[in-house]
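S.K.: This is the structure I want to talk about, given as structure tokens.
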Amino acid sequence: MHSFSPPSRRSFGLRLLSGDTPGHPVASFLMAVLVFVLAFAPLLFAGTRAVATAARVAIFVVLAASYDLLLGYTGIVSFAHTLFFGLGAYGVAIALAGSGPSWSALFVGSAAGIGFAALLGIGIALLSLRVRAIFFSMITLAVASVGQVLASQLHDITGGEDGLTFSVPPLLSPSFHPFTEPVLGVRIDGRLNTYYLIFVVSLVLFLLLLRLVNSPFGRVLRAIRENEFRAEALGYRVVVYRSLASAIAAAMAAIAGTLMALLLRYNGPATTLSFSIMIDILLMVVIGGMGTLYGPAIGAALMVLAQYYLEPALQFLAELTAPFPLLSAVFQPDRWLLWLGFLFMLVVMYFPAGIVGSLRARGLYSQTR
Amino acid sequence: MKPSERTLPVLLVLLIAALGFAAMPFTDWLTLSAAGLAMGMMLFLMVAGLTLIFGLMDVLNFAHGAFITFGAFAAGTVFARFPQLVASDRWEENLLILALAALAAALLSGALGFGFERVAIGRVYGAHLRQILLTTGALIVAEQLAIVIWGPDAIPVLKPAGLRGSFLIAGAAIEKYRVVAALFGLFVFLLLQGILAHTRIGIIVRAGVENREMVEALGYRIRPLFAGVFVAGAALAGVGGAMWATYAATVTASLGSDLTVLIFIVVIIGGLGSVGGSFLGALLVGLVTNYVGFLAPKLALLSNILLMAAILLWRPRGLLAAGGR
Amino acid sequence: MTEQPLLVLKGVHTHIGRYHILQGVDLEVYAQRVSVLLGRNGAGKTTTLRTILGLWHASAGEISFDQHRLNTLDPPAIARLGIAYVPENMGIFSGLSVRENLLLGTGPKGFRNSRLEEVLASFPLLREKWNLPAGTLSGGQKQILAIARAMMLPRRLFVVDEPTKGLAPAMVDVLLDAFLRLKEGGATILLVEQNFAMAATLGDDAAVMEDGRIVHVSSMAALAQDEALQTRLLGLSLASHQ
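Chains as they are written, first to last, in my numbering: chain A, 21 to 389; chain B, 449 to 773; chain C, 174 to 415.
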């Protein structure tokens with residue numbers, strides 16, 4: 021799809037999206053709703069839990085989108101993405117728990133976590149060039165479990181299984197109340213600041229990723245994914261591009277990890293390193309649509325919503341089928357992962373392009389008719 | 449493959465055993481070696497099918513752990529159904545119930561493997577990305593289904609009365625069940641090797657692991673053969689899971705996914721596609737896990753991954769990689 | 174020639190990935206004759222053989238063998254019609270013993286003694302190496318094993334891809350003998366061969382490929398005598414090649 025107008029003539033909005041739109045009215049609508057809800061979550065929802073959920077969605081959008089850079093745009097399946105997420109979170113947690121709630125500790129901690137993640141990302145990319153795809157996936161699984169083991173065994177540094185609880189700089193702390201009265205009906209406090217810090221950083225990172233995949237760099241990545249040898253023959257250094265993509269994806273996941281740590285004011289193996297988070301990321305990216313960035317964003321939102329709304333729906337079905345114990349057991353509210361797992365398998369088998377990819381294909385079809 | 453390439457890995461296993469011997473008191477060494485052998489043999493049962501399936505069709509099943517889980521639950525269910533045979537003090541009744549449990553595990557996991565190969569695996573031949581994703585999804589679904597059927601809590605798996613307790617050999621306590629598990633695993637290994645070496649099907653399987661296309665050009669259909677190997681591998685994994693759960697005396701729905709990293713390490717160490725390699729890999733992992741667990745408990749979890757890294761540095765394709773890949 | 178050809182290719186196209194390799198191949202192979210397929214590297218000779226065996230899928234055209242349409246069959250079915258294939262890389266299973274490699278060339282009933290004795294008499298070397306892994310054989314020995322394996326059953330057509338590639342001259346002579354004996358026994362052979370001397374000695378019919386098409390068909394004798402034609406089609410002449 022060529023755009024014949026020069027970039028400078030494009031509308032500001034289109035330029036912000038790097039000329040890459042969701043590509044179908046339904047996808048655009050979902051994205052608009054997502055951005056709107058996240059932008060005004062503290063005004064729309066009363067409870068702190070709901071706002072924390074919105075923050076979690078924003079963080080997972082970045083995490084899933086950064087994973088898409090690997091899976092969708094580079095075509096490698098890594099199970100070690102949570103490792104980067106955890107590195108960012110532990111960077112913040114260790115620094116803040118160790119030297120108190122100062123901004124300098126926060127910056128040093130996140131920079132260390134992010135830098136380490138980027139280096140590890142390069143290392144993993146080099147590994148992916150040396151071994152075959154399937155071998156690589158198996159090894160990343162082992163690498164991820166090394167991360168978990170280290171986090172729970174290096175008790176003195178990481179707090180072991182219990183993790184680390186810490187205080188954040190005053191401006192972000194829940195006890196920060198500059199005004200006694202709500203301003204325009206909104207309580208200004210550290211939680212609100214934290215939320216908007218997370219929202220803005222996530223938004224910027226997502227737009228950066230969009231810019232990246234639509235740049236010449238992103239096009240080379242896709243060329244490598246389609247045919248590594250051909251790309252190499254055309255003069256692109258596959259090593260360099262893959263390493264850079266992996267480092268960027270790792271750094272972004274690490275930033276998402278720092279945001280998670282700030283949100284929870286806690287970090288432990290279960291919150292950022294567990295295999296179930298890796299599964300969540302996979303579900304988000306694949307169901308949403310690999311290689312679209314919007315797909316993982318929508319997938320992240322759907323996953324979180326599913327956990328909220330699938331449970332009552334299943335509860336209803338479970339009660340309805342109560343006379344048939346086995347059927348009823350399938351509809352137990354706790355079994356939402358069963359249904360998402362099924363959905364995931366169906367998507368991989370029949371709609372490998374996911375929600376956004378399938379919508380886009382339909383959009384193109386109706387245009388050509 | 450030159451003979452020396454085969455003998456070095458065997459020597460490595462002996463070397464590890466010797467290192468263990470030098471590093472600890474004799475009675476501990478004997479106990480731990482027996483434990484390592486038993487663990488290794490159970491792991492071997494779990495990975496034999498996985499490695500052959502990969503060799504034949506270039507299919508790596510990330511859901512292989514599901515067969516382990518379902519086999520374990522099948523055994524637990526059989527033991528719970530016939531408590532009088534489990535508690536009996538007659539050894540032939542004990543062995544009967546053990547055989548029944550293994551049979552149930554093989555049947556359930558084999559049936560599961562048959563359905564999975566039919567419905568899902570066949571759609572993703574040659575597409576590695578989708579293969580990894582699809583089988584990972586299947587592992588999630590299988591784990592959830594196990595919870596649906598057997599509940600979210602751990603189920604106790606009572607081992608037959610005659611297999612509880614230990615022998616005392618040279619002052620070292622060696623659990624009876626471990627001896628049975630090690631002997632059974634060894635028996636299955638020899639049986640598999642015999643089939644692969646001496647039967648027509650075995651020769652075709654070995655040829656197919658090396659060069660699938662040429663086997664087809666000679667007039668043999670690989671696909672049904674592969675389906676057969678897939679089902680047999682699933683059944684073996686089920687038996688391995690049953691024996692593992694019987695040893696651990698408990699089973700949860702996450703057993704298979706918990707063991708996935710370990711079985712992948714064994715397959716990678718052994719070399720994808722090689723039954724003999726995964727046998728040696730399983731032995732190495734079993735021994736190293738037990739020795740390190742005794743000498744430096746903190747390192748126990750990492751030791752296997754370090755072992756894998758060391759072996760890959762020595763032989764990037766594993767101890768006995770099969771085929772020209 | 175009035176009799177029906179055994180194997181006929183009509184307008185066969187083959188795509189590999191995005192590359193269009195065969196662009197309308199027409200070829201006829203007659204029973205009890207040796208047909209030699211010649212051409213420069215990359216002309217599509219190996220692709221033609223692989224397409225006949227069903228190892229590549231023909232995107233257009235017809236391939237018929239006797240009464241059968243090969244286009245719709247998979248490689249095992251094609252092989253079971255009595256077509257033996259010896260690929261360029263010989264397709265020897267290096268982890269299997271010589272005996273096991275030969276066994277794979279037999280039917281479900283295994284070795285038939287008369288046939289086995291016949292083959293082993295032709296290639297006594299195989300008897301010596303009987304239980305050794307085929308991976309320990311030299312390149313020429315592997316080639317002999319591959320051809321012996323193809324001969325373990327009575328075949329209606331042998332499809333052989335560059336058997337002399339990279340072999341020492343002495344080995345080439347052994348192979349030539351083997352093919353001559355096969356030919357005397359009335360076998361039908363479709364042979365890709367770069368060694369023009371060998372091709373000229375064995376061949377009855379010749380076809381030359383260029384850019385995915387057959388550009389010349391004649392008797393081998395006619396081609397062997399016409400040096401100008403050889404130079405034009407193959408970039409070489411019989412004299413220069415020796």
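Using N, Cα and C, we set each Cβ at its ideal position, and we do this for glycine too.
The structure displayed is predicted, hence computed values, not measured ones.
Measuring only from the beta carbon, is residue 520 of chain B closer than 7 Å to any heavy atom that is part of the ligand HEM?
M.R.: In the structure on display, the ligand HEM does not appear, and there are no ligands present to speak of.
S.K.: What distance in whole Å lies between the Cβ atoms of residue 720 of chain B and residue 502 of chain B, which are believed to be in contact at a cut-off of 8 Å?
M.R.: Confirmed, Cβ separation roughly 5 Å.
S.K.: Roughly how many angstroms separate the alpha carbons of residue 25 of chain A and residue 374 of chain A, rounded to a whole number?
M.R.: In this prediction, residue 25 of chain A has a pLDDT of 44, which is less than 50 and means its spatial position is unreliable; nothing more can be read from the coordinates.
S.K.: Out of A:382, A:60 and A:325, point me to the one whose CA is closest to residue 220 of chain A's CA.
M.R.: Ranking the options by Cα distance to residue 220 of chain A, first place goes to A:60.
S.K.: Residues in the same chain with beta-carbon distance under 7 Å from residue 415 of chain C, minus the five sequence neighbours each way, listed in chain order, please.
M.R.: Confidence at residue 415 of chain C is low in this model, with a pLDDT of 42, below 50, so the placement of that residue is unreliable and no value is reported for it.
S.K.: State the beta-bridge partners of residue 604 of chain B as determined by DSSP.
M.R.: In DSSP, residue 604 of chain B forms a bridge with B:698.
S.K.: So, does the region 276-284 of chain A touch the region 73-83 of chain A, judging by three or more C-beta pairs under 8 Å?
M.R.: Taking 8 Å as the limit for Cβ pairs, the verdict is that the region 73-83 of chain A does touch the region 276-284 of chain A.
S.K.: Distance cutoff 8 Å, beta carbons only. Does residue 157 of chain A sit that close to anything in chain B?
M.R.: Yes, contact with chain B.
S.K.: Within the chosen definition, does the region 360-368 of chain A reach the region 597-616 of chain B through at least 3 CB pairs nearer than 8 Å?
M.R.: The region 360-368 of chain A vs the region 597-616 of chain B: no contact.
S.K.: In chain B, which residues lie with their C-beta within 8 Å of the C-beta of residue 311 of chain C?
M.R.: Under the 8 Å cutoff, chain B gives no residues; its nearest Cβ is about 15 Å from residue 311 of chain C.
S.K.: Specify, as a first and last residue, the run of the beta strand (DSSP E) that residue 97 of chain A falls within.
M.R.: Residue 97 of chain A -> no beta strand (DSSP E), and no H or E assigned at all.
S.K.: So is residue 305 of chain C in contact with chain B if we call contact Cβ pairs under 8 Å?
M.R.: Not one chain B Cβ lies under 8 Å of residue 305 of chain C.
S.K.: Which complete alpha helix (DSSP H) runs does the region 161-195 of chain A hold, if anything under 4 residues is left out?
M.R.: Correct list: 175-178.
S.K.: Are residue 62 of chain A and residue 192 of chain A close, meaning C-beta to C-beta below 8 Å?
M.R.: Result no, Cβ atoms of residue 62 of chain A and residue 192 of chain A do not sit closer than 8 Å.
S.K.: Residues of chain B with CB closer than 7 Å to the CB of residue 253 of chain C, please, in chain order.
M.R.: By Cβ distance, chain B contributes 667.
S.K.: Please report how far the alpha carbon of residue 407 of chain C lies from the alpha carbon of residue 317 of chain A, in whole angstroms.
M.R.: Roughly 60 Å separates the two Cα atoms.
S.K.: In this structure, does DSSP put residue 22 of chain A in helix, strand or coil?
M.R.: Since pLDDT at residue 22 of chain A reaches only 44, below the 50 mark, its modelled position is unreliable, and no value is offered.
S.K.: Please classify residue 273 of chain C as buried or exposed, where buried requires at least 16 neighbouring CB atoms within 10 angstroms.
M.R.: Classification for residue 273 of chain C: buried.
S.K.: Whose Cβ in chain B lies nearer than 7 Å to the Cβ of residue 162 of chain A?
M.R.: Here the neighbours are 709, 712, 713, 753 and 756.
S.K.: Of all Cβ atoms in chain C, is any one closer than 8 Å to the Cβ of residue 655 of chain B?
M.R.: By this cut-off, residue 655 of chain B is an interface position.
S.K.: Along the chain, which unbroken stretches of the alpha helix (DSSP H) at least 4 residues long are found entirely within the region 290-348 of chain C?
M.R.: List check, alpha helix (DSSP H) in window: 297-301 and 312-323.
S.K.: Among C:372, C:295 and C:400, which has the Cα closest to the Cα of residue 354 of chain C?
M.R.: Closest by alpha carbon: C:295.
S.K.: Short of 7 Å in beta carbon distance, which residues of its chain neighbour residue 582 of chain B, apart from the five on each side in sequence? Order them along the chain.
M.R.: Only 568 and 572 meet the Cβ criterion.
S.K.: Rounded to whole angstroms, how far is the Cβ of residue 102 of chain A from the Cβ of residue 292 of chain A, which I believe are closer than 8 Å?
M.R.: Residue 102 of chain A to residue 292 of chain A, Cβ: 7 Å. Contact.
S.K.: Of all the residues that make up the region 274-294 of chain C, which are near chain B by a beta-carbon distance shorter than 9 Å?
M.R.: So the list reads 274, 276, 277, 278, 280, 281 and 283, given in the order they occur along the chain.
S.K.: Grab me the residues of residue 132 of chain A's own chain with a C-beta within less than 8 Å of its C-beta, minus the 5 sequence neighbours each way, in chain order.
M.R.: 111 and 115.
S.K.: Any idea which residues DSSP pairs residue 238 of chain C with across the strands?
M.R.: C:180 and C:241, per the DSSP bridge assignment.
S.K.: Rank B:533, B:762, B:753 and B:480 by C-alpha distance to the C-alpha of residue 160 of chain A and give the top, closest one.
M.R.: Of B:533, B:762, B:753 and B:480, the residue nearest in Cα terms is B:753.
S.K.: Considering only DSSP beta bridges, list what residue 368 of chain C is partnered with.
M.R.: Answer is none; residue 368 of chain C lacks a bridge partner.
S.K.: In its own chain, which residues sit with a C-beta less than 6 Å from the C-beta of residue 478 of chain B, not counting the 5 before and 5 after it?
M.R.: If we look at residue 478 of chain B and ignore the five residues flanking it on each side, its Cβ neighbours are 620.
S.K.: Expressed to the nearest angstrom, what Euclidean distance is found between the alpha-carbon atoms of residue 386 of chain A and residue 700 of chain B?
M.R.: Because the pLDDT at residue 386 of chain A is just 49, under 50, the model does not fix this residue reliably, and the value given afterwards should be weighed accordingly. So the two alpha carbons sit approximately 50 Å from each other.
S.K.: Report the rounded CA-to-CA distance for residue 82 of chain A versus residue 223 of chain A, giving the unit in angstroms.
M.R.: So the alpha carbons of these two residues sit roughly 8 Å apart.
S.K.: Can you give, in chain order, each stretch of the alpha helix (DSSP H) that sits fully within the region 355-406 of chain C and has at least 4 residues?
M.R.: Listed in chain order, they are 369-375 and 393-398.
S.K.: How long is the line joining the alpha carbons of residue 177 of chain C and residue 299 of chain C, rounded to whole angstroms?
M.R.: Spanning the two alpha carbons is a distance of roughly 37 Å.
S.K.: Mind checking residue 565 of chain B: buried by the 16 CB within 10 Å criterion, or exposed?
M.R.: Residue 565 of chain B comes out buried.
S.K.: Any beta carbon from chain B within less than 8 Å of residue 248 of chain C's own beta carbon?
M.R.: Chain B, which has a Cβ nearer than 8 Å to the Cβ of residue 248 of chain C, makes this yes.
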